[in-house]
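Novice:
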Amino acid sequence: MNVIFHTTTAISVAVLLTDTKRIEQSTTSRNVIWTSIFAFTVGHISHGALDYIPHCYPVNSKLDAIIGLTMILTTTWLTNKRYRLIMGLSFLGCIFPDLVDLSPGIINKQLGLSLPTIDKIFPWHFHDYSGSIYTDNCNNSTLNHILLLLTIGVVCWCRRTDLKTMFNKSV
Ligand SMILES: [Zn+2]
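Using the numbering used here, you'd call the opening residue of the sequence shown number 20 and step up by one each time.
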């Protein structure tokens with residue numbers, strides 16, 4: 020799936036798992052560290068699920084990488100310092116499989132380099148298990164993208180108090 024869908028998912032994963040009240044009452048960073056590890060793990064799992072469902076690539080790969088990276092940097096910067104590790108590791112978990120399996124090939128192609136590439140590790144990137152659609156019929160994909168964005172919207176709405184706290188830089 021396009022990187023921007025994974026990075027948008029990462030925001031909802033971080034918000035879904037972060038109990039800001041509990042973290043603010045805590046005197047140690049243990050809660051933040053565990054939530055960050057959990058966010059990385061759930062992000063990673065979400066990547067597998069999203070790559071497994073049928074999908075086309077509505078955004079051109081170069082633009083996708085640029086927007087995805089900009090989203091990661093901007094959102095992490097906008098996040099309150101206390102929650103930055105959670106947000107950062109959620110992003111990392113959500114894009115990690117692509118970083119490992121796909122980024123050397125993309126960098127080689129875009130920059131004309133010849134970095135060593137390895138066989139794909141993650142099963143959802145294998146031809147047999149990937150939901151990549153290789154025809155022009157992207158109706159299923161569009162529906163899946165819409166359902167994903169709606170789910171992210173619902174999660175952020177239901178967790179809006181934590182979402183606001185995570186992005187409130189004045190506390
Ligand atoms: Zn992937």
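We put the beta carbon where it would ideally sit given N, CA and C, even for glycine.
None of the values given here were measured: they were computed from a predicted structure.
Counting only runs of 4+ residues fully inside the region 73-103, write out the alpha helix (DSSP H) ranges in chain order.
Specialist: Taking only runs of at least 4 residues, the alpha helix (DSSP H) segments lying wholly in the region 73-103 are 80-97.
Novice: Is it buried or exposed for T89, if we count other Cβ within 10 angstroms and need 16 for buried?
Specialist: Burial call: exposed.
Novice: Which term fits A29, buried or exposed, when burial requires 16 or more other beta carbons within 10 angstroms of its beta carbon?
Specialist: That one is buried.
Novice: Taking the alpha carbon of S189 as the point to measure from, which residue in T94, N99, F59, P73 has its own alpha carbon closest?
Specialist: With distances taken between Cα atoms, S189 lies closest to N99.
Novice: Over what stretch of residues does the alpha helix (DSSP H) that includes V190 continue unbroken?
Specialist: First-last for V190: undefined, no H or E at that position.
Novice: What does the alpha-carbon distance come out to for the pair I194 and H66?
Specialist: The requested residue 194 is not part of the displayed model; the chain covers only 20 to 190.
Novice: Cβ-heavy atom distance between P116 and ligand 1 below 7 Å?
Specialist: Yes, the beta carbon of P116 sits closer than 7 Å to at least one heavy atom of ligand 1.
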